[in-house]
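Using our numbering, read the sequence shown as starting at 7 and increasing by one per residue.
Glycine included, every Cβ here is placed at the ideal spot set by N, Cα and C.
Below: the structure, in structure tokens.
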Amino acid sequence: MRRAPVTDRPAPAHAERRACLRATAVLGALFVLLLVLVAARWSPLMRLDARTAADLHRVAVAHPGWTHVNRVLTDWVWDPLTMRVLLALAVLWALWRRELRTALWLVVCGVAGSVLEQGVKSAVGRARPRWPDPVDSASYAAFPSGHAMTAAVVCGALLWLFLRRTGAGVWWRGAAWALAVVSVVGVGFTRVYLGVHWPSDVVGGWLFGGAVVAGSAAVCSPWLEESRP
7 MRRAPVTDRP APAHAERRAC LRATAVLGAL FVLLLVLVAA RWSPLMRLDA RTAADLHRVA
67 VAHPGWTHVN RVLTDWVWDP LTMRVLLALA VLWALWRREL RTALWLVVCG VAGSVLEQGV
127 KSAVGRARPR WPDPVDSASY AAFPSGHAMT AAVVCGALLW LFLRRTGAGV WWRGAAWALA
187 VVSVVGVGFT RVYLGVHWPS DVVGGWLFGG AVVAGSAAVC SPWLEESRP
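Written out as structure tokens, the structure is:
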């Protein structure tokens, strides 16, 4: 009787979990570093933030039509409420398919992201940009950007589920990646362009949101694997 060949390659589920753990470590470390620099008001970062925000604000004031497009995108297309509705629809889809663990994981991602975002905002208490001729307004603390973080959490979670649970071809997978990246990057740009966030607020939202998704996926992926059809 021939023996099965011995291999050191990890099982797909274990490899996926290890990849998520590595992503969590990298994104988390980068976010903590950025958080420290923002809290310490590191002058090179503050100057870069101020210069970039001022340059984009001048463009926004000079081009009201393009500014209106950005307001529509940030207030309706990529608004946190829109993202949460999208997440809720995904939860309902999972419940309809009787995938209770998937539904619970999506809820945990959304709730954890919101709670952690508000906690960091409150702790850091960073002021938003102030302009004599504002083109938009926003309240509460700036770091991290709630729009950027919510988009990163929702798009990241849905993309991860789509890629691991469907047999879609390379074109569909590429389209899913493109849609997620455009949404996450796009909403971040609108927040700085409209003068309601510093660039580092947006980067912090991206990093923190990505870390939340990767961390929850790393913890729950074996549990979710058991419920896959």
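Asked: Is the CB-CB distance between residue 216 and residue 119 below 8 Å?; Found: no
Asked: Just to confirm my understanding: we take residue 23, look at its own chain, exclude 5 residues before and 5 after, and list those with CB closer than 6 Å. What are they?; Found: 224 and 227
Asked: Select from 86, 49, 201 and 144 the residue whose C-alpha is nearest the C-alpha of residue 156.; Found: 86
Asked: Contact between the stretch 188-196 and the stretch 120-137 is defined here as three or more beta-carbon pairs at a separation below 8 Å; is this criterion met?; Found: no
Asked: Under a three-way DSSP split, which group does residue 140 fall into?; Found: coil
Asked: With distances taken from CA atoms, which of 69, 176, 181 and 28 is nearest residue 140?; Found: 69
Asked: Quick one: what does DSSP say residue 149 is sitting in, helix, strand or coil?; Found: coil
Asked: Are any of the Cβ atoms in chain C nearer than 8 Å to that of residue 55?; Found: Considering every chain present, this structure includes no chain C. It has just one protein chain.
Asked: Let me know the secondary structure DSSP gives residue 81 once reduced to three states.; Found: helix
Asked: Might you give, ordered along the chain, the residues of its own chain that have their beta carbon closer than 7 Å to the beta carbon of residue 76, omitting 5 neighbours on each side?; Found: 196, 199 and 200
Asked: Once you ignore the five residues that flank residue 29 on each side, which residues in its own chain have a CB closer than 6 Å to its CB?; Found: 220
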